[in-house]
Amino acid sequence: MMPKARVLVTGADGFIGSHLCEFLVEQGYQVKAFTMYNSFGSNGWLDSTDPEISKQIEFFAGDVRDPNGVRTAMQGVDVVLHLAALIAIPYSYHSPDSYIDTNIKGTLNVVQAARDLGVRVVHTSTSEVYGTAQYVPIDEEHPLVGQSPYSASKIGADQIALSFYRSFELPVTVIRPFNTYGPRQSARAVIPTIISQLANGVEQIKLGALTPTRDFNFVRDTVSGFEKAIGADAAVGEVVNLGSSFEISIGDTAQAIADAMGKQVEILLDEQRLRPANSEVERLFAANGKAKALLDWQPEFGGLDGFKRGLKITAEWFQQPVNLGRYKSDIYNL
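Residue numbers for the sequence shown follow numbering that gives the first Met the number 0, beginning at 0 and rising by one.
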């Protein structure tokens with residue numbers, strides 16, 4: 000049996016990155032985790048992973064904004080799965096400069112090093128680059144509209160990555176996940192916001208706009224899409240959506256979570272959670288045919304039934320005291 004690729008995961012300490020590292024180890028890959036350097040010696044969510052998996056991961060602490068550290072981390076690997084990014088939309092309103100540095104310059108550092116070292120790149124995009132759906136389902140040809148500094152920075156990062164494919168024939172695939180959710184997600188996101196408030200016994204939960212729709216992707220489906228992209232030669236030079244091809248409103252999502260947790264819920268509008276009017280993405284609904292064709296990928300947790308199964312798993316994780324204790328559900332997390 001051929002040994003599997005040696006893979007570097009940037010953003011490995013985060014929500015999706017930590018799940019991805021664990022999945023890759025389980026699938027037999029050699030995994031190097033690029034985590035954000037900090038004085039606490041923390042590897043983020045990978046600190047809580049199973050020790051049997053953790054001991055198979057090589058850790059590298061650095062910062063994607065530093066080209067020298069990125070180049071050092073990428074030596075000796077076959078593929079880089081580039082997930083490191085600033086992703087909070089509200090924080091991008093008052094600190095947009097940091098999004099340019101991390102998301103655009105960080106991506107440039109990755110593809111520059113990859114070109115020099117002969118490393119394949121799987122770059123992470125986001126459904127936010129589409130803005131509010133101009134037609135549905137949203138395929139990869141949909142116009143790109145930067146409705147927040149965050150989404151604009153990701154459009155820039157995507158184009159930097161693709162430019163290196165077009166200019167230098169660097170093998171680049173852009174994976175564009177829709178709204179990933181699951182255990183470990185930040186309370187900045189709507190599903191953990193709802194679950195953590197309900198799990199703490201709150202009966203009146205605070206949310207922003209309830210009418211926008213989202214295409215939620217359970218984290219297991221997202222990471223399986225990344226794994227399939229590693230060896231998918233047909234996807235080189237391509238942008239590929241990962242989505243459930245299913246949409247649900249934020250209000251209906253809150254009710255589905257309450258049902259999954261056996262709770263009654265009353266929703267209160269929290270003005271500070273509202274995006275500026277022209278910045279709110281009103282509708283996201285993915286076309287995923289390209290992922291099926293190029294990656295042989297389809298969601299295990301697709302549709303309403305799959306969404307409810309994913310919510311149940313997520314709620315059970317958050318309700319464990321050791322996990323719930325990590326979250327501050329009484330404050331608004333930017």
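All residues carry an ideal CB built from backbone N, CA and C; glycine is no exception.
Quick check on this structure: which residue in the options has the alpha carbon closest to the alpha carbon of residue i?
i: residue 62; options: 71, 96 and 56; result: 71
i: residue 96; options: 174, 200, 64 and 287; result: 64
i: residue 223; options: 9, 4, 5 and 26; result: 26
i: residue 74; options: 238, 32, 162 and 174; result: 32
i: residue 200; options: 24, 52, 35 and 320; result: 320
i: residue 314; options: 98, 145 and 195; result: 195
i: residue 226; options: 56, 2 and 20; result: 20
i: residue 156; options: 116, 166, 173 and 147; result: 173
i: residue 187; options: 43, 45, 327 and 139; result: 327
i: residue 304; options: 285, 256, 295 and 278; result: 256
i: residue 294; options: 122, 228 and 306; result: 228
i: residue 106; options: 123, 322 and 55; result: 123
Using the beta-carbon count (16 or more within 10 Å), is residue i buried or exposed?
i: residue 185; result: exposed
i: residue 7; result: buried
i: residue 289; result: buried
i: residue 287; result: buried
i: residue 0; result: Residue placement at residue 0 is poorly supported in this model, since its pLDDT is 43, which falls under 50; the coordinates still yield a value, given next. Result: exposed.
i: residue 142; result: exposed
i: residue 37; result: exposed
i: residue 93; result: exposed
i: residue 178; result: buried
i: residue 9; result: buried
i: residue 285; result: buried
i: residue 22; result: buried
i: residue 39; result: exposed
i: residue 116; result: exposed
i: residue 16; result: buried
Rounded to a whole number of angstroms, what is the C-alpha to C-alpha distance between residue i and residue j?
i: residue 258; j: residue 13; result: 28 Å
i: residue 18; j: residue 47; result: 11 Å
i: residue 149; j: residue 311; result: 30 Å
i: residue 163; j: residue 114; result: 8 Å
i: residue 244; j: residue 182; result: 21 Å
i: residue 269; j: residue 275; result: 13 Å
i: residue 88; j: residue 278; result: 10 Å
i: residue 334; j: residue 54; result: Residue 334 lies beyond the stretch modelled for the chain, which goes from 0 to 333, so this question has no answer here.
i: residue 250; j: residue 214; result: 14 Å
i: residue 43; j: residue 86; result: 16 Å
Using 8 Å for Cβ pairs, my map puts residue i next to residue j. What's the rounded Cβ distance?
i: residue 197; j: residue 216; result: The Cβ separation is near 22 Å, so there is no contact.
i: residue 120; j: residue 83; result: Actually they are not in contact, since the Cβ atoms of residue 120 and residue 83 sit about 13 Å apart, beyond 8 Å.
i: residue 175; j: residue 238; result: 6 Å
i: residue 218; j: residue 180; result: 7 Å
i: residue 309; j: residue 300; result: 4 Å
i: residue 5; j: residue 76; result: 5 Å
With a Cβ-Cβ cutoff of 8 Å, do residue i and residue j count as a contact?
i: residue 169; j: residue 110; result: yes
i: residue 192; j: residue 248; result: no
i: residue 273; j: residue 208; result: yes
i: residue 189; j: residue 125; result: no
i: residue 41; j: residue 102; result: no
i: residue 202; j: residue 254; result: no
i: residue 171; j: residue 108; result: no
i: residue 146; j: residue 280; result: yes
i: residue 220; j: residue 298; result: yes
i: residue 206; j: residue 154; result: no
Does any heavy atom of the ligand FMN sit closer than 7 Å to the C-beta of residue i?
i: residue 311; result: You won't find the ligand FMN in this model; it holds no ligand whatsoever.
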